Amino acid sequence: MTTPTTLTRLGDTLREPSIYLPTLARIADVRPMTRLESLFTVELPAGLSLNHQPGQFVMVSVLGVGEAPISISSSPSRSNGTFELCIRKAGDLTGVLHTLGSGATIGVRGPFGNGFPIRKFYGKDLLFAPGGLGLAPLRSLINQVLDERRNFGRVILLYGARHPSELLFTDELREWGNRGDVELHVTVDRGDETWTGNVGVITTLFSKIQVHARNTVAVTVGPPVMYRFVLVELLGKGILEGNIYLSLERRMKCGVGKCGHCQMQHVYTCQEGPVFSYAQIRHLEEALS
Amino acid sequence: MALLIMPKAALPDWIDRLCADHRVIGPRPLLDQTVFGEIHTAAELDLGYRTSILPPKKAIFPQQEEILRFHTNGGQVVEPVMDGQPTVVLGVHTCDMHAIALLDAVFTEGHADQHYLARRANTTLVSIECLTPCMEHAFCKSMGTLTVPEDFDLHLTDLGDDYAVDVGSEKGAALVEGFGGVREATDDDYRRLDRAISEKWPRFPYRLEFDVTELPSLLTVSFNSVYWEELGDRCLACAMCTNVCPTCYCFNVVDEVDFTLSAGKRFRVWDSCQLDEFARVAGGHNFREKRAARQRHRFMRKGKYQLAAYNRMGCVGCGRCAAACLVHITPVDTFNELYRRHGAAVDRPKEVRR
């Protein structure tokens, strides 16, 4: 993907006059996905581009309410002056965001964080294992990978949600499954009367796949408790610690390495993460607990 | 730079002069304690104060600081707010000077924080040498903060009837430029200053039972110590320790809307890693749920993490947290107890200075 050179990277506007000054952007579309999650399409002012990497996040503001970190759901390969955020109604800010519709103004700062090191994944088989809302940040990477599909080996996606009604991006899941070059397995913790697919937690999917462990990069995004069990599966398959990537969620108030909330020991998640390899954090107590 | 002498009798004139074109903040008595507050005459000032409830940090990193202003009249507008009011802070103890040096690094390195830097650039610090220990909990000598750090503006030393005034920067020089109440120091003044400094050292005790160079290593080997559980059992999670700390800078960001509901402000306010919700995410998971983990995090920052990140110790030995703690958790007791339990495992520097 190439960015037109006339566009200013949003991050460049950070330099002056305040690192805390959000850029005002417009909500171009809101698409409800589940009872709690909606996909927001955000349009930046003319001439600005987010120019992000998959795995990065933005600080989203509603002036008068507050600001929170939200991971970017759209891939850079598909951004066209807009980007997408899949937002769960979970806290003060996201509660208000869910009352906003198309045309509303929000504030955006970023992109922040390191993102997934996608070039390191070239030539590798990719095993994606998102749980629940973990698909939101991972979708950015998945679509980027699919848009440059020939740079990668196998693409395996194991996705777990609690209930069929909580599955995100169901249209895209269907599309990915129909491509023929994505091995897709979806499971739910408990089904309903219409669900005919797998039932069980995400770890039950690992027995369905074989991998060439030494040539596989695994990327898993989900809550801490899921990491504990998914890591056992990934390591059990022989995938190398340095080839397992996770994205960590933390409370953040600044995004620029100052406010202290996201600190895990000496590591600021917003600066050195949110993406880490398991090799980086396996000895970092506070990272996965 | 130069050494000047200011007779104490000249202080009122100097304060009047400073007040003419600066906001002047200094130590002033309040109910048997001392607070840093705005000063308008020398009579309000107590340069011989022991310690202050809150450190002078608040002059450049206030408890509550407006960072943005916004309104929604005719489309949303948001703009940053900078406080660049010319300010002089008088009577900063050397421990607090070291703390400000750390804050300078924190807010300059990586993403520079324009709000802090605007205030800092317009603030001149007048520090003062401590000649006697201020209180039982202070352990500045152990932490290496009993002298002023290399970057200072003006530094005072009490010589009885006079202050010796070390000029350390152009900003500092500007405060005394053209002021008739100061004179160049003579050889005799240098001798008086030298004596005051050398006589003060024996008055201050070393309170750590080991050399501070061993502290980062001690904390490394103590990470899984059961002692943190013991501290956690005592800790009330009241956050007094971090509220009074001169090196704490963690903050929350909150919005306030005015009564028209169409305009408001975004504030940065001091926060504390000791509070329950500090590391809790919207989904409910708390990454430092136990008070033991939060106390450990605090002491790790003070004695290890900040040193690694900014090459400056995160604790300056001021003792305020110890005095403020309702259950008597103190850095001296904590570090010494960890040393008794785990000191044998410390990876020692080849030559321990003591």
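Top to bottom, those sequences are chains A and B. Residue numbers for the first sequence, in my numbering: 1 to 289. Residue numbers for the second sequence, in my numbering: 1001 to 1354. Quick reminder that beta carbons are idealized off the backbone N, C-alpha and C, glycines included. None of the values given here were measured: they were computed from a predicted structure.
| Item | Value |
| --- | --- |
| C-beta contact flag for B:V1106 and B:P1056 at 8 Å | no |
| Counterpart residues of B:V1077 in DSSP-defined beta bridges | B:H1071 |
| Local conformation of A:T13 per DSSP, three classes | Reliability fails at A:T13, whose pLDDT of 49 lies under 50, so the model's placement of it is uncertain and the value that follows must be treated cautiously. Here A:T13 sits in helix by DSSP. |
| Exposed unless 16 or more other CB atoms sit within 10 angstroms - verdict on A:E84 | buried |
| Three CB pairs or more closer than 8 Å across the stretch 1048 to 1062 of chain B and the stretch 1019 to 1034 of chain B | yes |
| For A:M252, the nearest candidate out of B:V1078, B:D1271, B:G1144 and B:G1074 (CA to CA) | B:D1271 |
| DSSP bridge partner residues for B:T1051 (one or two, in chain order) | DSSP lists no partner for B:T1051. |
| Residue range of the alpha helix (DSSP H) that includes B:S1142 | C1140 to M1143 |
| The beta strand (DSSP E) enclosing A:G110, as first and last residue numbers | T105 to F112 |
| Closer than 8 Å to chain A by CB, B:D1255 | yes |
| Any 3 or more C-beta pairs closer than 8 Å across the stretch 1122 to 1130 of chain B and the stretch 243 to 262 of chain A | no |
| Contact list for A:A90 against chain B, beta-carbon separation under 8 Å | A1282 and G1283 |
| Every unbroken beta strand (DSSP E) within the stretch 1162 to 1187 of chain B, with a cutoff of 3 residues, ordered by chain | 1162 to 1167 |
| Cross-chain neighbours of A:G273 in chain B, by beta carbon under 8 Å | Neighbours of A:G273 on chain B: none; closest Cβ ~13 Å, over 8 Å. |
| Straight-line gap, A:N143 to A:R78 (C-alpha atoms, nearest Å) | 8 Å |
| Entirely enclosed alpha helix (DSSP H) segments - the stretch 1206 to 1245 of chain B, minimum 4 residues | 1215 to 1221, 1227 to 1234 and 1240 to 1243 |
| Beta strand (DSSP E) segment containing A:L126, residue limits | D125 to P130 |
| Contacting positions in the stretch 51 to 71 of chain A - beta carbon closer than 9 Å to chain B | S61, V62, L63, G64, V65, G66, E67 and A68 |
| Check whether A:V186 and A:Y159 have beta carbons under 8 Å apart | yes |
| Minimum Cβ-Cβ distance from B:N1252 to chain A less than 8 Å | yes |
| Cβ contact check for the stretch 1216 to 1224 of chain B and the stretch 209 to 217 of chain A: 3 or more pairs under 8 Å | no |
| Test item: CB-CB of B:G1264 and B:A1010 under 8 Å | no |
| Rounded C-alpha distance that separates B:E1044 from B:N1311 | 37 Å |
| Rounded C-alpha distance that separates A:T94 from A:G47 | 27 Å |
| B:I1039 vs B:R1028 beta-carbon contact at 8 Å | yes |
| Cβ-based contacts, 7 Å cut-off: residues of the stretch 235 to 251 of chain A near chain B | E249, R250 and R251 |
| Beta carbon of B:V987 nearer than 8 Å to that of B:T1247 | Given that chain B is displayed from residue 1001 to residue 1354, the structure contains no residue 987 of chain B and the question cannot be resolved. |
| Three-state secondary structure assigned by DSSP to A:K258 | coil |
| Length at least 3, wholly inside the stretch 128 to 166 of chain A: the beta strand (DSSP E) runs in chain order | 155 to 161 |
| Partners in chain B for A:H266, counting only beta-carbon separations shorter than 7 Å | Y1305, A1308 and A1309 |
| Three-state secondary structure assigned by DSSP to A:I239 | coil |
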